[in-house]
Amino acid sequence: ETGRFLNSDALLDVTGTLNSNLYAYCGNNPINREDVHGYLWNKIKSWFKGVAKSIGDAFNNMVGVQTITSTTISDKKSYQVNTLLFNVESGTKTTYTKTVGNSKPINFYVNSSSKKTGFKIMTGKKDTYGMGISPKGLGITMTSKIKDKTISIQTNDIVALGEISFSVYETTNNITTESYFNISINKFNLALLVLAPYCLPEMLNNLGGQGLNLQPA
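Count the sequence shown with our numbering and you get residues 2 to 218, in order.
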């Protein structure tokens, strides 16, 4: 509703288009310039509620939460080497994976089997990129859907101390086959090897000195 003065402005032409003064800018109260009935605040409140609802709807449409559980069906090692300084192993693992939660463009997930949490961002209908954090370290995932299969390349525990894991996953009908390659370093033996050149001479000197002190006077 637009408010107007009761009388036309005498300074303007009676037949002109500006013979009535609009005063909606003052809340339909041109004398006190007040909104005595509070309609203006209702409009402001409704506007903020509409904006908040729009933001909430957009967030719900964009962001989801998923829970992932995996049950191992088989685990076969094809190569394994254990040395003084490092261990290397590779193999394949087959699991049954169950995902609960809607698939949204952005998904925060919790993998109860690997104790890993993280997020995934879907850049299209086929490609997804993600990052996960577990007690062992940080993992980065790239996933692409090819027909009825989902192929994932993942670096597991990339920042874990002395351990790097690389895996390729192929998923069809909740059955996931993982081909993995792990390298872990024996940190204790490596530390001894690094410190030996500095500590060994000092240890020998100390032993030699103690040997001299043991001789009778």
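By construction, the Cβ of each residue, glycine as well, lies at the ideal position given by its N, Cα and C atoms.
On a predicted model such as this, the values are computed, not experimentally measured, just so you know.
Same chain only: Cβ atoms within 7 Å of TYR26, ignoring 5 sequence neighbours per side
Confidence at TYR26 is low in this model, with a pLDDT of 49, below 50, so the placement of that residue is unreliable and no value is reported for it.
Buried/exposed call for THR129, threshold 16 Cβ in 10 Å:
Within 10 angstroms of the beta-carbon of THR129 lie 16 or more other beta-carbons, which makes it buried.
Taking all protein chains shown into account, do 16 or more other C-beta atoms lie within 10 angstroms of the C-beta of GLU179, making it buried, or fewer, making it exposed?
Per the 10 Å Cβ criterion, buried.
Assign THR124 to one of two classes, buried (16 or more other C-beta atoms within 10 Å of its C-beta) or exposed (fewer than that).
Answer is exposed; the Cβ neighbour count stays below 16.
Please report the distance separating the alpha-carbon of PHE182 from that of ALA59.
C-alpha separation (whole angstroms): 40 Å.
Sub-8 Å separation of LEU135 and SER115 beta-carbons
Strictly speaking, residue 135 in this sequence is Ser, with Leu absent from that position. It is a contact, given that the beta carbons lie within the stated cut-off.
Do three or more CB pairs link the region 75 to 88 to the region 170 to 177 at distances below 8 Å?
Not touching, per the Cβ criterion.
Consult DSSP for LYS46 and reduce its assignment to one of helix, strand or coil.
Secondary structure at LYS46: helix, using DSSP grouped into helix, strand and coil.
Do the region 97 to 113 and the region 192 to 206 meet, that is, are 3 or more Cβ pairs less than 8 Å apart?
No, the region 97 to 113 does not touch the region 192 to 206.
Using the C-alpha atoms, what's the distance from GLU203 back to LEU196?
The alpha-carbon atoms of LEU196 and GLU203 are separated by roughly 11 Å.
Closest by C-alpha distance to THR142, when choosing among GLY65, GLU171, SER153
The candidate whose alpha carbon is nearest that of THR142 is SER153.
What number of angstroms, rounded off, separates the C-alpha of MET132 from the C-alpha of LYS117?
Their Cα atoms are separated by approximately 10 Å.
Could you tell me the boundaries of the beta strand (DSSP E) in which ASP76 lies?
That run of the beta strand (DSSP E) goes 64 to 83.
GLY57 by DSSP, collapsed to three states: which one?
Note: GLY57 maps to helix in three-state DSSP.
Can you have a look at GLN155 and say buried or exposed, based on whether 16 or more other CB atoms are within 10 angstroms of its CB?
Classification of GLN155: buried, given that the 10 Å Cβ count is 16 or more.
So does SER79 have its beta carbon nearer than 7 Å to some heavy atom of the ligand NAD?
With respect to the ligand NAD, the structure offers nothing, as it holds no ligand at all.
Alpha carbon of TYR110 to alpha carbon of ILE122, nearest angstrom
Here the alpha carbons of ILE122 and TYR110 stand approximately 11 Å from one another.
How far does the beta strand (DSSP E) with SER135 in it extend, from its first residue to its last?
Per DSSP, the unbroken beta strand (DSSP E) holding SER135 starts and ends at 128 to 135.
Using 8 Å for Cβ pairs, my map puts VAL66 next to ILE184. What's the rounded Cβ distance?
Incorrect: roughly 33 Å between the Cβ atoms, too far for contact.
Should THR72 be labelled buried (16 or more other beta-carbon atoms within 10 Å of its own) or exposed?
That one is exposed.
What residue range does the beta strand (DSSP E) around LEU139 cover?
Its beta strand (DSSP E) spans residues 138 to 147.
For GLY57, count the other beta carbons within 10 Å of its own beta carbon; 16 or more makes it buried, fewer makes it exposed. Which is it?
Classification for GLY57: exposed.
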